[in-house]
Amino acid sequence: MAAPVKLPLIARKNIRDEYTAKIGGLQTELKEYTGEDYEFSVNFDVLYPTLKQDERYQVESPGTIAFNTYEGVVYKIKTMTKEGEDEAAKEFLNNVVSKKQINILVTDEASSYSSCRVKDGVLEILYKEGGYGTNAGYAADNLEKELDKAFAETNKGALPLAAKKGFRDDFVEKKADLEKKIAEELLGNTITLVADPDAIWKLANEEYDKLKRSEKSSIDLDGIARNMGSAIYAYFEGFLGVLQYKFKQDDMMVEAFMESCPKKEVHVKLVPKGELSRTYNDCKFEDDVFVIRTIPQYWYTNVSDAADEVEKLL
Numbered sequence: 001m002a003a004p005v006k007l008p009l010i011a012r013k014n015i016r017d018e019y020t021a022k023i024g025g026l027q028t029e030l031k032e033y034t035g036e037d038y039e040f041s042v043n044f045d046v047l048y049p050t051l052k053q054d055e056r057y058q059v060e061s062p063g064t065i066a067f068n069t070y071e072g073v074v075y076k077i078k079t080m081t082k083e084g085e086d087e088a089a090k091e092f093l094n095n096v097v098s099k100k101q102i103n104i105l106v107t108d109e110a111s112s113y114s115s116c117r118v119k120d121g122v123l124e125i126l127y128k129e130g131g132y133g134t135n136a137g138y139a140a141d142n143l144e145k146e147l148d149k150a151f152a153e154t155n156k157g158a159l160p161l162a163a164k165k166g167f168r169d170d171f172v173e174k175k176a177d178l179e180k181k182i183a184e185e186l187l188g189n190t191i192t193l194v195a196d197p198d199a200i201w202k203l204a205n206e207e208y209d210k211l212k213r214s215e216k217s218s219i220d221l222d223g224i225a226r227n228m229g230s231a232i233y234a235y236f237e238g239f240l241g242v243l244q245y246k247f248k249q250d251d252m253m254v255e256a257f258m259e260s261c262p263k264k265e266v267h268v269k270l271v272p273k274g275e276l277s278r279t280y281n282d283c284k285f286e287d288d289v290f291v292i293r294t295i296p297q298y299w300y301t302n303v304s305d306a307a308d309e310v311e312k313l314l
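Going left to right, the sequence shown walks through residues 1 to 314 as the UniProt record's numbering numbers them.
(1) Measuring CB to CB, does Thr305 end up less than 9 Å from Gly229?
(2) Count the other C-beta atoms from every protein chain shown that fall within 10 angstroms of the C-beta of Pro160, then say buried if there are 16 or more, exposed otherwise.
(3) So, with DSSP's three-state summary, where would you put Lys284?
(4) Compare the beta carbon distance of Gln27 and Phe44 with 9 Å and say whether it is the shorter of the two.
(5) Per DSSP, what kind of secondary structure is Ala306 in: helix, strand or coil?
(6) Enumerate, from N- to C-terminal direction, the unbroken alpha helix (DSSP H) stretches of 4 or more residues contained entirely within the segment 26-64.
(7) Can you tell me the Cα-Cα spacing of residue 315 and Phe151, whole angstroms?
(8) Using CA coordinates, which residue listed in Asn205, Ile77, Lys181 and Ala136 is at the minimum distance from Gln146?
(9) Since Met258 and Leu186 are thought to touch, with beta carbons under 8 Å apart, how far apart are those beta carbons, to the nearest angstrom?
(10) Hey, how far is the Cα of Asn68 from the Cα of Glu18?
(11) Does the structure place the segment 202-212 close enough to the segment 275-292 that three or more beta carbon pairs sit under 8 Å?
(12) I'd like the list of long-range same chain contacts for Ile23, defined as Cβ closer than 7 Å, with 5 residues on each side in sequence excluded.
(13) Taking 9 Å as the threshold (C-beta atoms), are Gly63 and Val96 in contact?
(14) Should Asn155 be labelled buried (16 or more other beta-carbon atoms within 10 Å of its own) or exposed?
(15) Are there 16 or more other CB atoms within 10 angstroms of the CB of Ser115, so buried, or fewer, so exposed?
(16) Using beta-carbon positions only, say whether Asp148 and Ala162 come within less than 9 Å of one another.
(17) Could you name each continuous beta strand (DSSP E) segment of 3 residues or more that falls completely within the segment 178-211, going from the start of the chain to the end?
(18) Look at the Cβ atom of Arg293, then the Cβ atom of Lys273, and state whether they are nearer than 9 Å.
(19) In or out: Pro197 buried (at least 16 other Cβ within 10 Å) or exposed?
(20) For Val242 versus Ala307, is the C-beta spacing smaller than 9 Å?
(21) With DSSP collapsed to three states, give me the class of Asn155.
(22) Could you tell me which of Val254, Phe290, Phe236 and Leu221 sits nearest to Phe171, measuring between CA atoms?
(23) Are the segment 187-194 and the segment 252-267 in contact at 8 Å, needing three or more beta carbon pairs?
(24) May I have the straight-line CA-CA distance separating Lys180 from Tyr127, to the nearest angstrom?
(25) Can you tell which of Tyr233, Glu311 and Lys284 has the C-alpha that lies nearest to the C-alpha of Met252?
(26) Confirm, please, whether the CB-CB distance from Val106 to Gly137 is below 9 Å.
(27) Ignoring anything shorter than 4 residues or poking outside the segment 68-150, list the alpha helix (DSSP H) runs there in chain order.
(28) Residues in the same chain with beta-carbon distance under 6 Å from Ile125, minus the five sequence neighbours each way, listed in chain order, please.
(29) Looking at Asn155 and the ligand HEM, is the gap between the Cβ and the nearest heavy atom below 8 Å?
(30) How is the alpha helix (DSSP H) around Lys248 delimited, first residue to last?
(31) Tell me which same chain residues have a C-beta within less than 7 Å of the C-beta of Ala256, skipping the five on either side of it?
Here's what the structure looks like:
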């Protein structure tokens, strides 16, 4: 077996001064955001022969590139976890990257100049052959999406991180103000806005799995996850708009609505295709609550019209 090629002095010195001497600080910073010790692994002996030898930056500064790459990853995790304050994001990351290891690889499997993926519990930062260092600071831009993809492989139908965060940030944290505005239109009658993101996601996946391959593009699972909170909020906001435009604080209409909705709840619900009374969405009184319904194929579509037939139901 041939002996490994000895790296040039300038490369070895760069690795020592710009990577080995500095990387510990990044690992300490990452622990602040994750609560865990992560190993950074890059095999420069294996990596170096893949570099473009006529690219001076690659061959003379492999350590600088590796450090900059990890710096970008740490910054992404800092943002994703809100500097370690977002416990849900921390837990999700630590569970999916179960080996607490982040590797840098140069491979023809890379989908772009720089990208990331989770494989066997390891977060891998990938560079195309000959592209080491290209877009180093952006290699982890799709980290949340890749975490969700890896999570879904072993947790079919479970709510992904993007949906959890979106539901919390774009709906839960904003709904109190929306409920207050709705109460004003209902002459002081308080209404609770209700949505179950787990049930929405579960049904979306079930309906997706029923489709033929040629039909699967009709359901955008990534979009449903990404817009979980903002879409739910928009449906309820559309309901508020209907109250403002059609009820206009008319006491007779408000009384009729409250009599039809004794539980004082308005729900957003996903149902299978074929259950709606019209194409994109509909509304109905069901089990003493008012329900705004849509199907996976038309999630977040025509949201302002979803509750526009409420007066016909009274």
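Quick reminder that beta carbons are idealized off the backbone N, C-alpha and C, glycines included.
In short:
(1) Looking at the sequence provided, one finds Asp at residue 305 rather than Thr. 9 Å or more divides the Cβ of Asp305 from the Cβ of Gly229.
(2) When all chains shown are included, Pro160 counts as buried.
(3) In the structure shown, Lys284 adopts extended strand secondary structure according to DSSP, grouped into three states.
(4) Result no, Cβ atoms of Gln27 and Phe44 do not sit closer than 9 Å.
(5) Note: Ala306 maps to coil in three-state DSSP.
(6) Listed in chain order, they are 44-47 and 56-60.
(7) Past the boundaries of the shown model lies residue 315; the chain is included only from 1 to 314, so the question cannot be answered.
(8) Going by the sequence as given, residue 146 is Glu instead of Gln. Looking only at Asn205, Ile77, Lys181 and Ala136, the smallest Cα-Cα distance to Glu146 is reached by Ile77.
(9) Rounded, the Cβ-Cβ distance is 7 Å, consistent with contact.
(10) Computed Cα separation, rounded: 9 Å.
(11) Note that the segment 275-292 does not touch the segment 202-212; fewer than 3 beta-carbon pairs, one per stretch, sit closer than 8 Å.
(12) Result list for Ile23: Phe40, Phe67 and Tyr70, in chain order.
(13) With contacts defined as CB atoms closer than 9 Å, Val96 and Gly63 fail to qualify as a contacting pair.
(14) It counts as exposed.
(15) The Cβ neighbour count for Ser115, taken over all protein chains shown within 10 Å, is at least 16; the residue is labelled buried.
(16) In contact: Asp148 and Ala162 (Cβ atoms closer than 9 Å).
(17) If we require 3 residues or more, the beta strand (DSSP E) runs fully inside the segment 178-211 come out as 192-195.
(18) No, these two residues do not count as a Cβ contact at 9 Å.
(19) So Pro197 counts as buried.
(20) Contact flag set, yes.
(21) In the structure shown, Asn155 sits in coil (DSSP, three-state: anything other than H, G, I, E or B).
(22) For the options Val254, Phe290, Phe236 and Leu221, the alpha carbon positioned closest to that of Phe171 is the one of Phe236.
(23) With the cut-off at 8 Å, the segment 187-194 and the segment 252-267 touch.
(24) Going from the Cα of Lys180 to the Cα of Tyr127 covers about 51 Å.
(25) For Met252, the nearest C-alpha among the options comes from Glu311.
(26) Val106 is positioned such that its CB atom lies no closer than 9 Å to that of Gly137.
(27) You should have 87-96.
(28) Cβ neighbours of Ile125 within its own chain (closer than 6 Å, five residues either side excluded): Thr69, Ile104, Cys116 and Ala139.
(29) The model depicted lacks the ligand HEM and carries no ligand whatsoever.
(30) Boundaries cannot be given for Lys248, as no alpha helix (DSSP H) includes it and DSSP labels it neither H nor E.
(31) Cβ within range, chain order: Leu314.
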